[in-house]
Structures are given as C-alpha cells and as structure tokens.
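> Residue 56 is where the sequence shown starts when you use this note's numbering, and the numbers rise one by one after that. Next up is a structure, given as structure tokens.
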Amino acid sequence: MNEKSDQDLERQLSEMLTDGDMEEKDREKEERRLLTPKYEIRIQTQHDPIVEETRKYRSMAKEVDDRYDKYMDKAVKKDQSKDSEGEA
C-alpha cells in the first residue's frame, strides 16, 4: 500500500473508534490519557543495559543478522575513551 492510503485507513479507523457516545467518566479518562506529558524523565547510568544484554546473548549464541554490531563498536570505543581518560 502507499503512504496516502495507509494514512486514510488510519484516519478512518481512528474515526470509527472515537465516534459514538461515550460515558462521561470514560471520556475524561481518555482525554487525560491522550494529553502529551509535559516532562520526560531520563536516567543516566554507568553501564549501558543494551550492551550488557547483547554481551550476555552473544556469550550464549551467535546472532543471525549481527544487527547490534555498529552499536557494540560504538560502545567499545566509548568504554576505551573513558578508560584512557581515567588513566591520565
């Protein structure tokens, strides 16, 4: 399908799901749910959980498509730069 027909289908589906009577309680709850949050919480960690998990999986089995190779290469370079900064 092309992008325009996908958008049309999504719009039609959205209209079908939102049209009709809704109980007042549900409407208020749904309106609050649809509001975008004002804040985004981010937590900085010492270790990258993706790297740790990928290392564990690679120790157990070989990846079929090596999709995390570039990510792992960046992580290794980052770790090496941290180590060299700590030694200086």
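Note that CB positions come from ideal geometry on N, CA and C, so glycine has one too. Computed from a predicted structure; not experimentally measured.
Write down the C-beta distance between T100 and Y123 rounded to the nearest angstrom, noting that I regard them as a contact closer than 8 Å.
Locating residue 100 in the sequence shown gives position 45, counting from the first residue. Locating residue 123 in the sequence shown gives position 68, counting from the first residue. About 18 Å separates the two Cβ atoms, so there is no contact after all.
> State the Cα-Cα distance for the pair K137 and V119, rounded to the nearest angstrom.
In the sequence shown, residue 137 corresponds to position 82, counting from 1. In the sequence shown, residue 119 corresponds to position 64, counting from 1. Going by the C-alpha atoms only, they are around 30 Å apart.
> Give the secondary structure of A130 by DSSP, where H, G and I count as helix, E and B as strand, and everything else as coil.
Position 75 of the sequence shown, counting from 1, holds the residue named residue 130. A130 falls in the helix class under three-state DSSP.
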